[in-house]
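Just so it is clear: in the sequence shown, position 3 is 76 by this note's numbering, and no numbers are missing.
All C-beta atoms in this analysis are idealised placements derived from N, C-alpha and C, irrespective of residue type, glycine included.
Worksheet: the structure to be examined is printed underneath.
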Amino acid sequence: MSDKRTILITGCSDGSLGSALALALKDRGWRVFPSGRNLAKLGKVKEAGLECIEMDVGSDESVSAAVEQVKQITGGSLDALLNNAGTGYSMPIVHVDIAKSHQLFELNVFSIVRVTQAFVPLLLKSTHGALLINNTSASGLLGAGIPFQGTYAASKAAAASLTESLRVELAPFGIRTINMFTGGVKSTFHSNSPDAELPKDSIYNVAKEAIESSMNGNEVGMNKPDAMTWAKQVAGDLSQRKPPYLIFRGGSAGLARLGTLFPTGTFDSTVKQLGGIDVLERKLKEAESTPKPQ
């Protein structure tokens, strides 16, 4: 049996952050188990010779089957679990669909609980110092939310809060819990979803082009690293003897962290630019100054 440290990563479809992380951790000497709902979409990691696990994080039965598969491969243990699977939803809060919001929280929050509960018994049997890693988001930090990503940011804030509780709850058992506050990264995150569009009667349509561009991942002024650059940085962080409890990687992740330390509103000008609010404000002022027909 291999003596490499083992890690299971959720959400590893081609072009995703999970796929990039799997490849970067492999290069760091880890034995990586990439997972996803559809193995046909895990082509890159499969080509790299990684042992892929079929798992739908929204299904108790699928997760249980994945646990049994990992047990058979490793003999019953796992050194690290990285909850990476997630989805986005871009829409002004005044227009969000409640059903879609429930689905978002199911994947971004409750799947973390489901998968963690299932794999903790394997982590407890690690002899290398177990890690539980949750890929949350810098947008979930107070003072760092990008406009029109509020529901997504709320789900990530919930995930980050769960992770902090898990850090304290699991520490007595030797499991080190890590919160990955990921910023902007070039990936298939937005391209895998239908284009976000404002409702036809939206109060934001005066700046429709700028706002919809931001809603679809084209935030003005944010420098996003490519997925592999980001993944190599994170893989380096996770491969330390004692990885940091908080990992800030990706575009504007550091700025988001600063946003939690300064008074509310300190970075509003930057946030407005990222979300197109600056364009909205300008167009509203222009409309106010335009003489009304008599």
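(message) Quick check for students: name the residue ranges of the alpha helix (DSSP H) that lie wholly in the segment 219-298, counting only runs of 4 or more.
(response) Those alpha helix (DSSP H) runs which fall completely within the segment 219-298 and span 4+ residues are 223-243, 281-288.
Problem - Rounded separation between Leu243 and Asn181 - CA only - result: Spanning the alpha carbons of Leu243 and Asn181 requires a straight line of approximately 21 Å.
Ignore the nearest five residues each way along the sequence and tell me which others in Phe340's own chain have a CB closer than 6 Å to its CB. These residues qualify, in order along the chain: Gly332.
Touching or not, the segment 350-358 and the segment 116-131, by the rule of three or more beta carbon pairs under 8 Å?
Per the Cβ contact rule, the segment 350-358 is not in contact with the segment 116-131 (fewer than 3 Cβ pairs under 8 Å).
- Query: Is it right to say Pro107 is buried, meaning 16 or more other beta carbons lie within 10 angstroms of its own, or is it exposed?
  - Reply: By the neighbour-count definition (other C-beta atoms within 10 Å, threshold 16), Pro107 is a buried residue.
Below 8 Å on the Cβ atoms is my contact criterion, and I expect Lys195 with Val136 to pass it. Report the Cβ-Cβ distance as a whole number of Å. Rather than Lys, the amino acid found at residue 195 in this sequence is Leu. With 8 Å as the limit, Leu195 and Val136 do not qualify as a contact, their Cβ atoms being about 12 Å apart.
Hey, is the segment 164-180 in contact with the segment 99-117, meaning 3+ C-beta pairs nearer than 8 Å?
-> Fewer than three Cβ pairs drawn from the segment 164-180 and the segment 99-117 lie within less than 8 Å of each other, which leaves the two stretches out of contact.
Requested in this report: Any chance you could list the alpha helix (DSSP H) runs of at least 4 consecutive residues sitting entirely within the segment 124-152, in chain order?
Outcome: For the segment 124-152, whole alpha helix (DSSP H) runs of length 4 or above, ordered along the chain, are 133-147.
So, do the segment 203-216 and the segment 146-156 have three or more beta carbon pairs nearer to each other than 8 Å? The count of Cβ pairs closer than 8 Å, one atom from the segment 203-216 and one from the segment 146-156, reaches three, so the stretches are in contact.
* To do: Flag this pair as touching only if the segment 168-175 and the segment 278-292 have three or more C-beta atom pairs under 8 Å; answer yes or no.
  => In this structure the segment 168-175 does not touch the segment 278-292; the number of beta carbon pairs closer than 8 Å is below three.
- Closest by CA to Ile251, which one among Ser362, Leu311, Pro272, Gly88? Ranking the options by Cα distance to Ile251, first place goes to Leu311.
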